[in-house]
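Engineer:
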Amino acid sequence: MTRIVVAGFQHETNTFGATKARYADFEEADAWPGLLRGEEVVSGTAGINLPMAGFVAAAGSDPAVELVPVVWCSAEPSSYVTDEAFERIASMILDGVRGAGAIDGIYLDLHGAMVSESFQDGEGELLDRIRTVVGGGLPIAVSLDLHANVTERMVRQATSLTIFRTYPHLDMAETGGRAYTMLRHHLAGVPVFKAFRQAPFLIPLSAQYTGASPCRELYGMLPRSVSLDGRAADIATGFPAADIFDAGPSVVSYALTQDEADRQAERLMTAIEAAEAAFDSALMSPAEAVRTAMSSSSNKPVIIADVQDNPGAGATSDSTGLLAAMVDGGAQGAVLALLNDPEIAEQAHGLGIGGVLNAALGGKSGLEGIGPFEGRFRVEALSDGRFPFTGAMYAGNVAALGPTAVLRVLDSDADVRVIVGSKRCQCLDQAIFTHIGIDPAQESIVGVKSTVHFRADFEPIAHRVLNAEAPGANPCRLDRVDYTRLRPSVRLGPSANLLPTVPSRSALTKRTY
Ligand SMILES: [Zn+2]
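Here the sequence shown is numbered in the numbering used here, starting from 13 and rising by one per residue.
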């Protein structure tokens, strides 16, 4: 019997975010399950598009494999993981490894961009500690998010890393399955020579869509699956909202000789570097996006992505720049989701449907440049925030978002509604609208607090998609960010002067930590 310890500990850390990830944030269910222990790791992730589920499904087809599940948890992207959370969860994993008896390998479902209060490279630290327990020879296969900021230490300590290849992340479970294939090769004793390269520039999230150039072609260069002898390669486009030494795109490569691993990595990194100017970072001002959307004569909605206030990248999801632009621009048939304001959602539930409230909506994070939208609102619909996701990325999981309300903006000629929630959750699934009585396909303008993930579920109903530059803690104009910890000479994405000039009305959020 082959015994494999499996564990997951996911966090994407936005060092510009407003709130830290505490232990309680890992415990709670949100768009993904809450903290799972032991056998729950298998039952609680089954059927969900998660790497752990894909790994378990692949391993389950082999009767000679026994999995030893330890823990799986994630928290919504945010600022630093607290030391308390990091130490408690790392200890669970280490205790699980120590208590598992004789084992043959380990699988870890990690994000790859975790920054704790004490460690810039959370995953590297965790892997170091595991290696101290199990020694250098035990195979450890790791799956990572496409937005991983991969470090040399992670590459050195993991036997192999395998990385999502799609953004929107439709292949999370598939990547877990690939990690199982990699681990089988390691268990069979196939030699592993590794290569790792980091790009000398950052790519904003808004330019990382794998459905368009240049990412589509770059990811097209990867072998579809791990070859029979264990040769593999992957690209991480990196997570730029992290002021850390190792932020940015990278390539990992595994082969039977060092020479071959190096050649494969070099080929991919050369292509990434050649594509630098092609990463399209053009953003519209919110007012221009609303004007453009209003000029559409299609009967399909125009989607306006509030790319910088994406909670899935650690932003607060309560900036009001796009909402204000919709109202100021007199938008008709417009709706925005999901604005995080638990206080207002609770007030709306207290008033009931038809109730009217004066409120300072959103803008409560304390981040500079992000203020509330003050006005009068009517409560049009309410929900408890529990509903099954219906889009491909989150399908199989039930949302647990707490009290949620649809508010209509009053005292305006504009026809604008906003869905207000009680937990930060990226608006990447139509069910966020439909579960509370709004069919986004029937609207004229749909605002989504998401950078790219929304494209999977919303492009099929959209006339077109516009990226708007409202304030938010997920900076997509990187040349305006005051990084202090990056590697020397790392370039900050496509230079603003290469882009169509769009006057920016919103200063990018800057804050000193
Ligand atoms: Zn990601």
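Every residue, glycine too, gets a C-beta built ideally from N, C-alpha and C.
Computed from a predicted structure; not experimentally measured.
What span of residues does the beta strand (DSSP E) with I101 cover, start to end?
Structural biologist: Per DSSP, I101 belongs to no beta strand (DSSP E); it is in the alpha helix (DSSP H), 95-111.
Engineer: Determine, using beta carbons only, whether I356 and A474 come nearer to each other than 7 Å.
Structural biologist: Against a cut-off of 7 Å, the Cβ pair of A474 and I356 comes out as no contact.
Engineer: Is H23 close to ligand 1? I mean its beta-carbon at under 6 Å from any heavy atom of the ligand.
Structural biologist: Incorrect: H23 has no Cβ contact closer than 6 Å to ligand 1.
Engineer: Using a threshold of 6 Å, is the CB atom of H361 nearer than that to any non-hydrogen atom of ligand 1?
Structural biologist: Flag unset: Cβ of H361 not near ligand 1.
Engineer: Near L490, which residues of its chain fall below 6 Å by C-beta distance, leaving aside the five closest residues on each side in sequence?
Structural biologist: Correct list, in chain order: L214, P216, P252, L504, G505.
Engineer: Under 7 Å between the Cβ atoms of V238 and M194?
Structural biologist: Contact: yes.
Engineer: In whole angstroms, give me the CA-to-CA distance for A224 and S424.
Structural biologist: Whole-angstrom Cα-Cα distance: 38 Å.
Engineer: On the three-state DSSP scale, how would you describe F389?
Structural biologist: In the structure shown, F389 sits in a strand (DSSP, three-state: E or B).
Engineer: Under a criterion of Cβ closer than 6 Å to any non-hydrogen atom of ligand 1, which residues qualify, in chain order?
Structural biologist: The filter returns D157, L158, H159, H181, in chain order.
Engineer: Between which two residues does the alpha helix (DSSP H) holding I284 run?
Structural biologist: First-last of the alpha helix (DSSP H) with I284: 270-286.
Engineer: Please state whether DSSP places S501 in a helix, a strand or coil.
Structural biologist: Coil, per DSSP.
Engineer: So, with DSSP's three-state summary, where would you put M405?
Structural biologist: Looking at M405 - three-state DSSP - the assignment turns out to be coil, as it is neither helix nor strand.
Engineer: Suppose the cutoff is 7 Å on Cβ atoms and the five residues either side in sequence are ignored; what does the same chain contact list for D116 look like?
Structural biologist: So the list reads T14, R15, I16, L199, once near-sequence residues are dropped.
Engineer: Within 8 Å, do at least three Cβ pairs link the region 450-457 to the region 46-55?
Structural biologist: No: fewer than three Cβ pairs fall under 8 Å.
Engineer: Pick from Y221, S73, T25, A69: whose alpha carbon is nearest that of T94?
Structural biologist: The shortest C-alpha separation from T94 is found at T25.
Engineer: Should the region 411-423 be regarded as contacting the region 389-400, the criterion being three or more beta carbon pairs within less than 8 Å?
Structural biologist: A contact exists between the region 411-423 and the region 389-400.
Engineer: Does L182 come out as helix, strand or coil in the three-state DSSP assignment?
Structural biologist: Three-state DSSP puts L182 in coil, outside helix and strand.
Engineer: Using 8 Å as the cut-off, can you tell me whether the region 170-185 makes contact with the region 238-249, which would need three or more C-beta pairs spanning the two stretches below that distance?
Structural biologist: Output reads yes: the region 238-249 touches the region 170-185.
Engineer: In this structure, what does DSSP give as the bridge partners for I247?
Structural biologist: Answer is V263.
Engineer: Once the 5 residues before and after P203 are set aside, which same chain residues still bring their CB inside 7 Å of it?
Structural biologist: Cβ neighbours of P203 beyond the five flanking positions: L268.
Engineer: To the nearest angstrom, report how far apart W44 and S91 are at their CA atoms.
Structural biologist: If I take the Cα positions, the gap works out to 18 Å.
Engineer: Among G56, Q270, A305, which residue has its Cα nearest to the Cα of V83?
Structural biologist: Residue G56 is the option with its Cα nearest to V83.
Engineer: Under the assumption that V432 contacts A443 (Cβ atoms under 8 Å), give the Cβ distance between them as a whole number of angstroms.
Structural biologist: Not quite, the Cβ-Cβ distance comes to about 16 Å (not below 8 Å), so this is no contact.
Engineer: In three-state DSSP terms, what is V514?
Structural biologist: Unreliable positioning characterises V514 in this predicted model, as indicated by a pLDDT of 34, which lies under 50. A coordinate reading is not provided.
Engineer: Note down, in chain order, each residue of its chain lying with its Cβ closer than 7 Å to the Cβ of E1, except the 5 sequence neighbours on either side.
Structural biologist: The question about residue 1 has no answer, for the chain in this structure spans 13 to 525.
Engineer: How would you call L422, buried or exposed, if buried means at least 16 neighbouring beta carbons within 10 angstroms?
Structural biologist: Counting Cβ neighbours within 10 Å, L422 comes out exposed, since fewer than 16 surround it.
Engineer: If V464 sits next to Y231, beta carbons under 8 Å apart, how far is it from one beta carbon to the other, in whole angstroms?
Structural biologist: Not really, about 14 Å apart at Cβ, beyond 8 Å.
Engineer: In three-state DSSP terms, what is Q538?
Structural biologist: There is simply no residue 538 to check, as the chain begins at 13 and stops at 525 in what is shown.
Engineer: Taking only three categories from DSSP, how would you classify C227?
Structural biologist: C227: helix per DSSP, three-state reduction.
Engineer: Which complete beta strand (DSSP E) runs does the region 405-467 hold, if anything under 3 residues is left out?
Structural biologist: If we require 3 residues or more, the beta strand (DSSP E) runs fully inside the region 405-467 come out as 410-412, 416-421, 428-433, 457-460.
Engineer: Give the range of the alpha helix (DSSP H) segment to which Q359 is assigned.
Structural biologist: Where Q359 is concerned, the enclosing alpha helix (DSSP H) stretches over 354-363.
Engineer: Apart from the five residues on each side of it in sequence, which residues of its chain come closer than 6 Å, Cβ to Cβ, to D469?
Structural biologist: Correct list, in chain order: G403, D441, Q442.
Engineer: From R11 to Y192, what does the alpha carbon distance come to, in whole angstroms?
Structural biologist: This structure leaves residue 11 out entirely; the chain is present only between 13 and 525.
Engineer: Answer with buried or exposed for T27, where buried requires no fewer than 16 other C-beta atoms within 10 angstroms of its C-beta.
Structural biologist: Classification for T27: buried.
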